[in-house]
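Participant: Numbering (the numbering used here), first residue to last: 82 to 395. Beta carbons are placed, not taken as given, at the ideal position from N, Cα and C, and that holds for glycine.
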Amino acid sequence: MLRLLFIFLLLASLQAKEIHPHYKFKAIGYVSDFIVTDNRLYAADDEGVVTVFDLKTKKIVDTIILEPLTTELGELQPARILSIDYLNGQILLVSIGKNLYRNVWVYENHKLNKIIFEDAKLSIKEARFIDNEKILLATFASEIILYDMGEKYNRYKRHVTQSTLGDITLTQDKKHIIIADESGEARIIDVASSKTLQILSSENVDNVFHVAHAKGVTLTAGQDRRIGVYQKGRTPYHIKSDFLVYCVGITPSGKTGIYSSGEDNKLQLFSIQTKQKLHELSGHKAVINQIKFVNEKELYSSENSPYIYYWKLD
Numbered sequence: 082m083l084r085l086l087f088i089f090l091l092l093a094s095l096q097a098k099e100i101h102p103h104y105k106f107k108a109i110g111y112v113s114d115f116i117v118t119d120n121r122l123y124a125a126d127d128e129g130v131v132t133v134f135d136l137k138t139k140k141i142v143d144t145i146i147l148e149p150l151t152t153e154l155g156e157l158q159p160a161r162i163l164s165i166d167y168l169n170g171q172i173l174l175v176s177i178g179k180n181l182y183r184n185v186w187v188y189e190n191h192k193l194n195k196i197i198f199e200d201a202k203l204s205i206k207e208a209r210f211i212d213n214e215k216i217l218l219a220t221f222a223s224e225i226i227l228y229d230m231g232e233k234y235n236r237y238k239r240h241v242t243q244s245t246l247g248d249i250t251l252t253q254d255k256k257h258i259i260i261a262d263e264s265g266e267a268r269i270i271d272v273a274s275s276k277t278l279q280i281l282s283s284e285n286v287d288n289v290f291h292v293a294h295a296k297g298v299t300l301t302a303g304q305d306r307r308i309g310v311y312q313k314g315r316t317p318y319h320i321k322s323d324f325l326v327y328c329v330g331i332t333p334s335g336k337t338g339i340y341s342s343g344e345d346n347k348l349q350l351f352s353i354q355t356k357q358k359l360h361e362l363s364g365h366k367a368v369i370n371q372i373k374f375v376n377e378k379e380l381y382s383s384e385n386s387p388y389i390y391y392w393k394l395d
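(1) Confirm, please, whether the CB-CB distance from residue 333 to residue 283 is below 8 Å.
(2) Could you check what DSSP says for residue 179 in three-state terms: helix, strand or coil?
(3) First and last residue of the beta strand (DSSP E) that includes residue 262?
(4) Spatial neighbours of residue 172 within its chain, please: C-beta separation below 6 Å, excluding the five flanking residues on both sides.
(5) Take the Cβ of residue 181 as the centre, count every other Cβ of all protein chains shown within 10 Å, and call the residue buried at 16 or more, exposed below.
(6) With distances taken from CA atoms, which of 135, 366, 260 is nearest residue 209?
(7) With a cut-off of 8 Å on the beta carbons, I'd call residue 262 and residue 223 a contact; round off their distance for me.
(8) Classify residue 250 as buried or exposed, calling it buried when 16 or more other Cβ atoms lie within 10 Å of its own Cβ.
(9) Check whether the stretch 291–298 and the stretch 328–346 touch, using three or more Cβ-Cβ pairs below 8 Å as the test.
(10) Can you tell me whether residue 92 is helix, strand or coil according to DSSP?
(11) With a cut-off of 8 Å on the beta carbons, I'd call residue 221 and residue 206 a contact; round off their distance for me.
(12) For the candidate residues 365, 377, 393, whose alpha-carbon lies nearest to that of residue 386?
(13) Taking the alpha carbon of residue 383 as the reference point, which residue from 116, 190, 98 has its own alpha carbon closest?
(14) Within a Cβ cutoff of 8 Å, which residues of the same chain sit near residue 270, ignoring the five residues on either side of it in sequence?
(15) Verify whether the separation of the beta carbon atoms of residue 312 and residue 288 is less than 8 Å.
(16) Please state the DSSP three-state secondary structure of residue 361.
(17) Using CA atoms only, rank isn't needed, just tell me which of 357, 355, 219 is closest to residue 246.
(18) Suppose the cutoff is 7 Å on Cβ atoms and the five residues either side in sequence are ignored; what does the same chain contact list for residue 170 look like?
(19) Considering only residues of the same chain and omitting the five flanking positions on each side of residue 87, which have a CB-CB separation below 8 Å?
(20) Using a 10 Å radius around the Cβ and a threshold of 16 neighbouring Cβ atoms, would you call residue 376 buried or exposed?
(21) Output yes or no for whether 8 Å exceeds the beta carbon distance between residue 114 and residue 154.
(22) With DSSP as the reference, please indicate the residues paired to residue 297 in a beta bridge.
(23) In angstroms, rounded to a whole number, what distance separates the CA positions of residue 380 and residue 192?
(24) Would you identify the three-state DSSP class for residue 395, choosing helix, strand or coil?
(25) Go ahead and label residue 393 buried or exposed: buried means 16 or more other beta carbons lie within 10 angstroms of its beta carbon, across all protein chains shown.
(26) If distances are taken between C-alpha atoms only, which option among 297, 131, 101 comes closest to residue 335?
(27) For residue 142, which residues in the same chain have their Cβ closer than 6 Å to its Cβ, ignoring the five residues on either side in sequence?
Here it is, written out as structure tokens:
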């Protein structure tokens with residue numbers, strides 16, 4: 082049995098190869114976040130612009146532009162966008178306002194509506210749709226807020242941890258949020274009640290930059306050069322990298338993971354079950370900040386530049 086396993090792993094390693102981008106999309110400014118729908122790619126950037134691409138023609142078909150900020154010296158500066166999400170034709174945006182507090186916007190039917198103002202003095206890092214009426218906000222201070230857009234009030238506001246927020250992600254059914262922080266811990270929280278259901282703390286010992294989740298599998302990307310792997314009903318483990326791990330991603334099935342690897346900004350695929358390294362994706366020129374699979378064989382990734390990369394896996 083061990084010999085068969087060794088042969089399988091050897092064959093898998095021999096089949097691993099280097100993959101290059103199938104296409105590169107260029108946004109207006111440096112991409113901070115992006116979302117992919119059935120036929121559109123929405124790229125949010127530091128220039129206060131959402132560049133909208135048609136995935137078939139690969140051309141820019143629209144732009145959403147936030148009003149620039151006026152500094153104390155009377156100068157105009159872009160309203161940098163930090164976060165973007167999409168649901169049923171609505172686009173949710175978080176931008177930096179005056180005094181570094183945040184504005185939250187909803188764009189629908191070619192109209193931009195501000196739903197949370199900088200006067201609320203919130204340091205929101207990310208916002209995600211829960212449904213057509215509710216959104217989840219996460220602040221740098223690791224507070225989570227469930228905001229009702231229809232009634233315009235907070236259903237709850239909870240301080241989850243004393244550590245600074247690293248990243249958040251929702252489970253596929255949007256019933257749970259995974260929130261990771263600078264302590265190296267990640268928490269699974271019930272969205273409806275805000276109760277902490279589980280703390281994932283065994284695999285990272287330093288700041289977690291990024292988190293991904295699918296089908297009961299949670300991946301963490303750490304400053305400690307570790308990729309934490311937590312699977313429901315199985316013993317967690319970590320993979321060691323030779324450089325800071327800024328970003329992770331996972332296929333919708335939860336079977337294949339990916340992480341940023343090395344100083345040359347490559348992406349490394351690996352099997353969640355066997356821990357075996359698979360194909361390597363090469364082409365990024367800057368630090369990778371987002372990785373999003375659309376299915377088992379296609380993914381997009383962005384970096385600290387105007388570019389979003391589209392990859393096709395064999």
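Facilitator: Looking at the atomic coordinates:
(1) As a position in the sequence shown, residue 283 is number 202, starting the count at 1. As a position in the sequence shown, residue 333 is number 252, starting the count at 1. Taking 8 Å as the Cβ cut-off, residue 283 and residue 333 do not qualify as a contacting pair.
(2) Locating residue 179 in the sequence shown gives position 98, where the first residue counts as 1. Note: residue 179 maps to helix in three-state DSSP.
(3) Position 181 of the sequence shown, counted from the start, is the residue given in the question as residue 262. First-last of the beta strand (DSSP E) with residue 262: 257–262.
(4) By one-based count along the sequence shown, residue 172 stands at place 91. 188.
(5) Counting from one through the sequence shown, the residue named residue 181 turns up at place 100. In summary, residue 181 is exposed, with fewer than 16 beta-carbon neighbours lying within 10 Å of its beta-carbon over all protein chains present.
(6) Position 128 of the sequence shown, counted from the first residue, corresponds to residue 209. The candidate whose alpha carbon is nearest that of residue 209 is 260.
(7) Along the sequence shown, read from residue 1 onward, the residue named residue 262 stands at position 181. Along the sequence shown, read from residue 1 onward, the residue named residue 223 stands at position 142. Indeed they touch by this definition, with Cβ atoms about 6 Å apart.
(8) Along the sequence shown, read from residue 1 onward, the residue named residue 250 stands at position 169. Residue environment analysis places residue 250 among the buried positions, since at least 16 neighbouring C-beta atoms fall within 10 angstroms of its C-beta.
(9) Judged by Cβ distances under 8 Å, the stretch 291–298 makes contact with the stretch 328–346, as three or more pairs qualify.
(10) Within the sequence shown, the letter at position 11 stands for residue 92. For residue 92, the predicted model reports a pLDDT of 46, less than 50, meaning its position is unreliable and no value from the coordinates is stated.
(11) Within the sequence shown, the letter at position 140 stands for residue 221. Within the sequence shown, the letter at position 125 stands for residue 206. Taking a contact as a CB-CB distance under 8 Å, the pair residue 221 and residue 206 counts as one, their CB atoms being some 5 Å apart.
(12) For the purposes of this step, residue 386 is taken as the residue at position 305 of the sequence shown. For residue 386, the nearest C-alpha among the options comes from 365.
(13) Taking the sequence shown and counting its residues from 1, the one referred to as residue 383 is at position 302. Relative to residue 383, the option among 116, 190, 98 whose CA is nearest is 116.
(14) As a working note, residue 270 is residue 189 in the sequence shown. Once the five neighbours on either side are set aside, the close Cβ partners of residue 270 are 225, 241, 257, 258, 259, 260, 276, 277, 278.
(15) Start at 1 with the first residue of the sequence shown, and residue 312 comes out as number 231. Start at 1 with the first residue of the sequence shown, and residue 288 comes out as number 207. Not in contact: residue 312 and residue 288 (Cβ atoms no closer than 8 Å).
(16) Taking the first residue of the sequence shown as 1, we reach residue 361 at position 280. Residue state, collapsed to three classes: strand.
(17) To locate residue 246, count along the sequence shown from 1; it is residue 165. Ranking 357, 355, 219 by Cα distance to residue 246 puts 219 first.
(18) Within the sequence shown, numbered from 1, the residue matching residue 170 stands at position 89. So the list reads 189, once near-sequence residues are dropped.
(19) Mapped onto the sequence shown, residue 87 falls at position 6. Residue confidence is low: residue 87 scores 46 on pLDDT, short of 50, so the model does not pin down where it sits. No coordinate-derived value is stated.
(20) Position 295 of the sequence shown, counted from the first residue, corresponds to residue 376. It is exposed - the Cβ of residue 376 has fewer than 16 other Cβ atoms within 10 Å.
(21) The residue given as residue 114 occupies position 33 in the sequence shown. The residue given as residue 154 occupies position 73 in the sequence shown. No, the Cβ-Cβ distance between residue 114 and residue 154 is not below 8 Å.
(22) To locate residue 297, count along the sequence shown from 1; it is residue 216. None, per the DSSP bridge assignment.
(23) Against the sequence shown, residue 380 aligns to sequence position 299. Against the sequence shown, residue 192 aligns to sequence position 111. Near 30 Å, if we compare the C-alpha coordinates of residue 192 and residue 380.
(24) For the purposes of this step, residue 395 is taken as the residue at position 314 of the sequence shown. Three-state result, residue 395: coil.
(25) Against the sequence shown, residue 393 aligns to sequence position 312. The residue in question, residue 393, is exposed, as its Cβ has fewer than 16 Cβ neighbours within 10 Å.
(26) Numbered from 1 along the sequence shown, position 254 holds the residue referred to as residue 335. Taking only the C-alpha atoms, the option nearest residue 335 is 297.
(27) On the sequence shown, position 61 is the one that residue 142 refers to. Closer than 6 Å at the Cβ level, and outside the excluded window around residue 142, lie 133, 135.
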